[in-house]
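Student: Before I ask anything, here is the structure I am working with.
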Amino acid sequence: MSPQQGEPSPLAGKRIVLGVTGGIAAYKAIEISRRLVDAGAHVVPIMTEAAQHFVGTTTLSALASEPVQTELWHNPTTPIPHTEVGQGADLIIVAPATAKAIAAYRMGYSHDLLQNTLIATRAPVIVCPAMHTEMWEHPSVVDNIAVLRERGVHIVDPESGRLAGGDVGAGRLASPESVVAAAERVLGSRDLAGTTVIVSAGGTREPIDSVRVIANRSSGKQGYAVAAEAASRGALVTLVSTVTLPVPSGVEIVAVETAAEMQEAIESRSASTDVIVMAAAVADFRPVSVADHKLKKRDGAPQIVLESTPDILAGLGAAKPAGQVLVGFAAETNDLVANAQSKLERKHLDLIVANDVGAPSVGFAHDTNAVTLLRPDAEPVEIDLAAKRDVARAVINTIVEIRAAAEIETQTGKI
Ligand code: PMT
C-alpha cells in the first residue's frame, strides 16, 4: 500500500541503485526511475552491456539523479566502483532482471559493475525478474529464485501478459507501480534497526557412535526465514544453525550440531541480546554414552540408554534479562493450543508459535507453514498456510508489537 497523502515517502532522501539488465522490459526501468525520483529518492543507475542493446544511456541518465554507470574499469564517477556504489546504497533494485543476471547473482559471479555492486552491498535488494514463460518456469531459474528468496532478497514476481514476440504468459516485468511499492515496503520497515536477535534453526543431531546420530526432520527453513526477515528489517542477527542453507544477507552464522553446542552458543550470547527466537527442533533425548568407534553389526543391536538434553528455552526463560523478548516454537500433533499454551507458561515466554506438524504442508521440511501465535494475556492469532517467509513476517510483526508495548509500559512507569 502506498503511504497516505501527506506522509513522507519512505523513499525520500534514500540512495537507490537501479540496475538494468538486458531484456526487452529495460525501457520500463526509465519509468521506474522517474517514479523513484518523484518520491524523493536519489537514483544511481547502472546498466549492463546487454541492457544498452535495448535502451540508450542518455534517456535514463536524464531521468535518474546522476549519469548512468556502465563500467567496472575506467569509470569516470569513481576509481573503485565495484565496492563504492553498493556500500553507499540504501536499496538496490534490479529491474528488469534477466535469467542470466539472476544466475550470476545467485553464484556471486561478479563479472560486471552491477554484479560487483550486488555482492558488495549490505543494503536490501529487490530483484524484478522479466523473461519468457518457459525461462521463468525452467528449474534452474526456479531454483535460483528460491535461493535468493532464502537469502532475504526481495523478489517482485513477474506478471502474466504480453511478452516479446507476441507471446502471452507469465514473465512480464511487474508494473513500475508495483516495483516502487515494493521499494516503499522494504525501506518503510526498518523497525528492528539496531536490535540484536538470535535465531536457532534446524534439528540437533545427537551422536550414538562416531558415525551415527539421533536426528529429526527439521530442515531449518523456518528458522532461516525468521532470520532473513529480521535482518531485512535492520536487526543484527546471529543464526545458530545445524544445517547449511544459503545464509541470508547480513546474518552472522554459528554452526552447531548437538543440543549442548546449541545451548552454549545461545547462552554465551543471550545476556546482550534483545530478542531470541528458538525455531530449532532441539532433541529431547541423547545417548548417555557415545562410542568413539563405529558400533559393529556383528555385535548385535546395541542397547542405547538415553538421557534428557538441557531444555535451552526453559533455561533462557528462567534467566531472562529485563526487556528481552523470548520466543519459542511448538511442534505439536494434537491439542495444539493447549500444549503450546502450557509451554508458553512453563518456559516464561513472550510468544509461542504453534504449528500442527501433522497437518498437510505444515512444519518440518515444507516450504509452507500454518501457525497459531500465542501470547500471555492476548487472544490467539491464526496464520493460515503461507510461505515460511510470510509466517516469519507475522512472527516478527508480533515481536515488534511486544517490544513497542513494553516500551510504552516503561515510559508510563508501569514497570
Ligand atoms: O526447520 P523446518 O523444516 O522449517 O521446520 C520448522 C519446525 C517445524 C522445526 C519449526 O516450525 C518448529 O516447530 N520448531 C520447534 C520444534 C520443537 O522442538 O518444538 P518443541 O515443542 O519440542 O519445543 C518447544 C520449544 O522448546 C522450541 O522452541 C524448542 O526449540 C525449544 N526446546 C525444546 C527442547 C529442548 N531440549 N530445548 C529447547 O530449547
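Using my numbering, the first residue of the sequence shown is number 434, and each one after it goes up by one.
Backbone N, C-alpha and C fix where the C-beta goes; we use that ideal spot for every residue, glycine too.
(1) For the stretch 472-487 against the stretch 555-562, are there 3 or more C-beta pairs whose distance is under 8 Å?
(2) In the DSSP output, which residue or residues are listed as bridge partners for Q502?
(3) Can you round the beta-carbon distance between R539 and L581 to whole angstroms, since I take them to be within the 8 Å contact cut?
(4) Does at least one heavy atom of the ligand PMT sit under 8 Å from the Cβ of H781?
(5) Should D789 go down as buried or exposed, given a rule of 16 or more other Cβ atoms within 10 Å for buried?
(6) K776 to L782, Cα distance in whole Å?
(7) Answer with buried or exposed for D523, where buried requires no fewer than 16 other C-beta atoms within 10 angstroms of its C-beta.
(8) Report the three-state DSSP secondary structure of P514 (helix, strand or coil).
(9) On a CA-only basis, which of E842, I785, I588 is nearest A755? Give me that one, please.
(10) According to DSSP, is N508 part of a helix, a strand, or is it coil?
(11) Could you check how far apart the C-beta atoms of V824 and V804 are, in whole angstroms? I think they sit under 8 Å.
(12) Could you tell me the distance, in whole angstroms, from the CA atom of G456 to the CA atom of S543?
(13) Specify whether the stretch 622-635 and the stretch 699-713 touch according to this definition: at least 3 beta carbon pairs, one from each stretch, less than 8 Å apart.
(14) Do you know how far the Cα of V758 is from the Cα of A713?
(15) Counting C-beta neighbours from all protein chains within 10 Å, is the total for H565 16 or more, i.e. buried, or is it exposed?
(16) Starting from the C-beta of R379, find all residues in its chain whose C-beta is less than 6 Å away, skip the five residues before and the five after it, and write them out in chain order.
(17) Is L546 helix, strand or coil when you go by DSSP?
(18) Do A773 and A787 count as a contact pair if the criterion is CB distance below 9 Å?
(19) Rounding to the nearest angstrom, what Cα-Cα distance links K533 and R836 in this structure?
(20) State the start and end residues of the unbroken alpha helix (DSSP H) segment that holds N830.
(21) Does any heavy atom of the ligand PMT sit closer than 8 Å to the C-beta of V477?
(22) Looking only at its own chain, which residues have a Cβ that is under 7 Å from the Cβ of Q844, when we skip the five neighbours before and after it?
(23) Any heavy atom of the ligand PMT inside 8 Å of the beta-carbon of E765?
(24) P679 to L620, Cα distance in whole Å?
(25) Could you check what DSSP says for S466 in three-state terms: helix, strand or coil?
(26) For M711, list the residues DSSP reports as bridge partners.
(27) Answer yes or no: the CB of I832 versus the heavy atoms of the ligand NAD, is any distance below 8 Å?
(28) Would you please state the rounded distance, in angstroms, between the beta carbons of R822 and E662? I believe it to be under 8 Å.
(29) Assign I578 to one of three DSSP states: helix, strand, or coil.
(30) Let me make sure I understand the geometry here. Which of L672, D545, I578, A495 has the alpha-carbon closest to that of A536?
(31) Which runs of the beta strand (DSSP E) at least 3 residues long sit entirely within the stretch 747-806? Give them in chain order.
(32) Report yes if the C-beta distance between L505 and A462 is below 9 Å; otherwise report no.
(33) Answer yes or no: the CB of F487 versus the heavy atoms of the ligand PMT, is any distance below 8 Å?
(34) If the criterion is Cβ atoms closer than 9 Å, does the pair T637 and E690 meet it?
(35) I need the straight-line Cα distance from L806 to V670, nearest angstrom please.
Tutor: The structure says:
(1) Put simply, the stretch 472-487 does not touch the stretch 555-562. Fewer than three CB pairs are less than 8 Å apart.
(2) As a working mapping, residue 502 is identified with position 69 in the sequence shown. Bridge partners of Q502: I479.
(3) Numbered from its first residue, the sequence shown carries residue 539 at position 106. Numbered from its first residue, the sequence shown carries residue 581 at position 148. Confirmed, about 6 Å.
(4) What you label residue 781 is simply residue 348 of the sequence shown in a count that begins at 1. The answer is no for H781.
(5) As a working note, residue 789 is residue 356 in the sequence shown. Buried, by the Cβ-count rule.
(6) The residue given as residue 776 occupies position 343 in the sequence shown. The residue given as residue 782 occupies position 349 in the sequence shown. Their Cα atoms are separated by approximately 8 Å.
(7) Within the sequence shown, residue 523 is the residue found at index 90, counting from 1. The residue is buried, with at least 16 neighbouring Cβ atoms inside 10 Å.
(8) Locating residue 514 in the sequence shown gives position 81, where the first residue counts as 1. When secondary structure is reduced to three states using DSSP, P514 falls in the helix class.
(9) The sequence position of residue 755 within the sequence shown is 322, counting from 1. With distances taken between Cα atoms, A755 lies closest to E842.
(10) Here residue 508 corresponds to residue number 75 of the sequence shown, with the count starting at 1. For N508, the three-state secondary structure derived from DSSP is coil.
(11) Within the sequence shown, the letter at position 391 stands for residue 824. Within the sequence shown, the letter at position 371 stands for residue 804. Contact flag correct, Cβ pair sits at about 6 Å.
(12) Locating residue 456 in the sequence shown gives position 23, counting from the first residue. Locating residue 543 in the sequence shown gives position 110, counting from the first residue. Near 19 Å, if we compare the C-alpha coordinates of S543 and G456.
(13) Result yes; three or more Cβ-Cβ pairs closer than 8 Å.
(14) The residue given as residue 713 occupies position 280 in the sequence shown. The residue given as residue 758 occupies position 325 in the sequence shown. So the two alpha carbons sit approximately 17 Å from each other.
(15) The sequence position of residue 565 within the sequence shown is 132, counting from 1. By the neighbour-count rule (16 or more Cβ atoms within 10 Å), H565 is buried.
(16) Given that the chain is displayed from residue 434 to residue 848, the structure contains no residue 379 and the question cannot be resolved.
(17) Counting from one through the sequence shown, the residue named residue 546 turns up at place 113. L546: helix per DSSP, three-state reduction.
(18) Indexing the sequence shown from 1 puts residue 787 at position 354. Indexing the sequence shown from 1 puts residue 773 at position 340. Yes; because the gap between Cβ atoms is below 9 Å, this pair is in contact.
(19) For the purposes of this step, residue 533 is identified with residue 100 of the sequence shown, where counting begins at 1. For the purposes of this step, residue 836 is identified with residue 403 of the sequence shown, where counting begins at 1. Each residue's alpha carbon lies about 42 Å from the other.
(20) Counted from its first residue, the sequence shown places residue 830 at position 397. Bounds of the alpha helix (DSSP H) holding N830 are 821-844.
(21) Residue 477 sits at position 44 when you count from the first residue of the sequence shown. In this structure, V477 has its beta carbon at no less than 8 Å from each heavy atom of the ligand PMT.
(22) Along the sequence shown, one-based indexing puts residue 844 at 411. So the list is empty, once near-sequence residues are dropped.
(23) Here residue 765 corresponds to residue number 332 of the sequence shown, with the count starting at 1. E765 Cβ: within cutoff of the ligand PMT.
(24) Sequence index remark: in the sequence shown, residue 679 carries index 246 (1-based). Sequence index remark: in the sequence shown, residue 620 carries index 187 (1-based). Each residue's alpha carbon lies about 23 Å from the other.
(25) Taking the sequence shown and counting its residues from 1, one reaches residue 466 at position 33. Here S466 carries a helix assignment [DSSP, helix/strand/coil].
(26) Translated into positions along the sequence shown, residue 711 becomes position 278. Residue pairing of M711 in beta bridges, as defined by DSSP: S633, G761.
(27) What this structure holds is the ligand PMT, not the ligand NAD.
(28) In the sequence shown, the residue the question calls residue 822 occupies position 389. In the sequence shown, the residue the question calls residue 662 occupies position 229. Between R822 and E662 a beta carbon distance of about 6 Å is seen, short of the 8 Å cut, so the two are scored as contacting.
(29) Taking the first residue of the sequence shown as 1, we reach residue 578 at position 145. The answer is helix: DSSP assigns I578 an H, G or I state.
(30) On the sequence shown, position 103 is the one that residue 536 refers to. Among L672, D545, I578, A495, the Cα nearest to that of A536 belongs to I578.
(31) Fully enclosed beta strand (DSSP E) runs of no fewer than 3 residues occupy 758-765, 784-789 of the stretch 747-806, in order along the chain.
(32) On the sequence shown, position 72 is the one that residue 505 refers to. On the sequence shown, position 29 is the one that residue 462 refers to. No, they are not a contact pair.
(33) Counting from one through the sequence shown, the residue named residue 487 turns up at place 54. It does not: the Cβ of F487 is nowhere closer than 8 Å to a heavy atom of the ligand PMT.
(34) Looking up residue 637 in the sequence shown gives position 204. Looking up residue 690 in the sequence shown gives position 257. Contact flag set, yes.
(35) For the purposes of this step, residue 806 is taken as the residue at position 373 of the sequence shown. For the purposes of this step, residue 670 is taken as the residue at position 237 of the sequence shown. Cα-Cα distance, rounded: 22 Å.
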